[in-house]
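Taken in sequence, the protein lines are chains A and B.
Residue 73 in my numbering is what sits at position 73 of the first sequence, and the numbering runs on without skipping anything.
Residues are numbered in my numbering as their position in the second sequence, beginning at 1, plus a constant of 131.
Heads up, the thing below is written out as structure tokens.
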Amino acid sequence: MNVCLFDKTGTLTINEVVLEEVYGANLNVDQQRCIIVSKSRDVRQDQEFQKRLCHNFAADHTLVLTKPDAQGKQTTLGDPLEEELYKFARAGLENTKDIRGKNYMKVVRVDRGGSTDMLGVINVFGFKSEL
Amino acid sequence: MSIVVEDSGTGEVYGYVKGAPERIVELSDPQTLPKDINQQITDFAKNGFRVIAFGSKKLPALASGQEYTREMSEEKITFQGLALFKNNLKEATKPTLDKLK
Numbered sequence: 001m002n003v004c005l006f007d008k009t010g011t012l013t014i015n016e017v018v019l020e021e022v023y024g025a026n027l028n029v030d031q032q033r034c035i036i037v038s039k040s041r042d043v044r045q046d047q048e049f050q051k052r053l054c055h056n057f058a059a060d061h062t063l064v065l066t067k068p069d070a071q072g073k074q075t076t077l078g079d080p081l082e083e084e085l086y087k088f089a090r091a092g093l094e095n096t097k098d099i100r101g102k103n104y105m106k107v108v109r110v111d112r113g114g115s116t117d118m119l120g121v122i123n124v125f126g127f128k129s130e131l
Numbered sequence: 132m133s134i135v136v137e138d139s140g141t142g143e144v145y146g147y148v149k150g151a152p153e154r155i156v157e158l159s160d161p162q163t164l165p166k167d168i169n170q171q172i173t174d175f176a177k178n179g180f181r182v183i184a185f186g187s188k189k190l191p192a193l194a195s196g197q198e199y200t201r202e203m204s205e206e207k208i209t210f211q212g213l214a215l216f217k218n219n220l221k222e223a224t225k226p227t228l229d230k231l232k
């Protein structure tokens, strides 16, 4: 190797990472390839593999919730890539760490179009270079 | 990174993992992998996408005092899928690089 070039988001590229597509593995439908999970799908019709994938997007991140501003609005801060996944999952970080009296590290809700899944985070295992 | 989550609706506990596709494929139960997954990952990367892969695993309930470990949540996971990201070039990048050539 004679030349090795590096780039960092926002230098040669615009300062924005966009989630283009999500592919889910559902071997019952296609054993050959992952299949597209559309952004515009009806989430009430999600199959189990789509629901679990969204739970992963909703909970497996290091995003934090800001303190409420003057209007009481809170936003998430953190890795833009994780934020894109979080939005795809229609997730929201809760201010409480409790669900029905049980204490968690954090609580995440996932909007399922008419119903809501509540997820309590028990453990977080941080970034490993191999992953 | 990985995380252990309890679904309060069902009481089920899941480990969720995300990371580089090659590594997630290695950690996955081979029976859960689409047959062309390596080709699919290569094709997406060649087309300029940043690709992240995901896996999950249903975990058993633990007795009081026991804790979930990284190994429990990351070994022999079910491969879940891929997310494709684009980070487009700035308008000025291509002409600038052409000039530098």
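Just so you know, even glycine gets a beta-carbon here, dropped at the ideal spot from N, CA and C.
All figures in this text were calculated on a predicted structure; none of them were measured in a lab.
| Check | Outcome |
| --- | --- |
| I'd like to know whether the C-beta of B/I208 is nearer than 8 Å to at least one C-beta of chain A. | no |
| Using a Cβ cut-off of 8 Å (strictly closer), state whether B/D138 contacts chain A. | yes |
| Reducing DSSP to helix, strand and coil, say where A/T9 ends up. | coil |
| Looking at the C-beta of B/L215, does it have a partner C-beta in chain A at a distance below 8 Å? | yes |
| Taking 8 Å as the CB-CB cut-off, is A/D30 touching chain B? | yes |
| So, does the CB of B/G196 fall closer than 8 Å to a CB anywhere in chain A? | no |
| Count the other C-beta atoms from every protein chain shown that fall within 10 angstroms of the C-beta of A/S132, then say buried if there are 16 or more, exposed otherwise. | This structure does not reach residue 132 of chain A, given that chain A is present from 1 up to 131, and the question cannot be answered. |
| Compare the Cα-Cα distances from A/V132 to each of A/C4, A/D60, A/G10 and report the closest residue. | It is not possible to answer for residue 132 of chain A, since the shown part of chain A is limited to 1 through 131. |
| Does any CB atom of chain A fall closer than 8 Å to the CB of B/P165? | yes |
| Quick check on DSSP: helix, strand or coil for A/T62? | coil |
| What number of angstroms, rounded off, separates the C-alpha of B/F216 from the C-alpha of B/K177? | 13 Å |
| Of all Cβ atoms in chain A, is any one closer than 8 Å to the Cβ of B/T173? | no |
| The alpha helix (DSSP H) with A/E83 in it runs from where to where? | 80-88 |
| Can you check which of these residues, A/C54, A/D69, A/D46, is closest to A/E82 by C-alpha distance? | A/C54 |
| How many Å lie between B/F180 and B/S195 at the Cα? | 44 Å |
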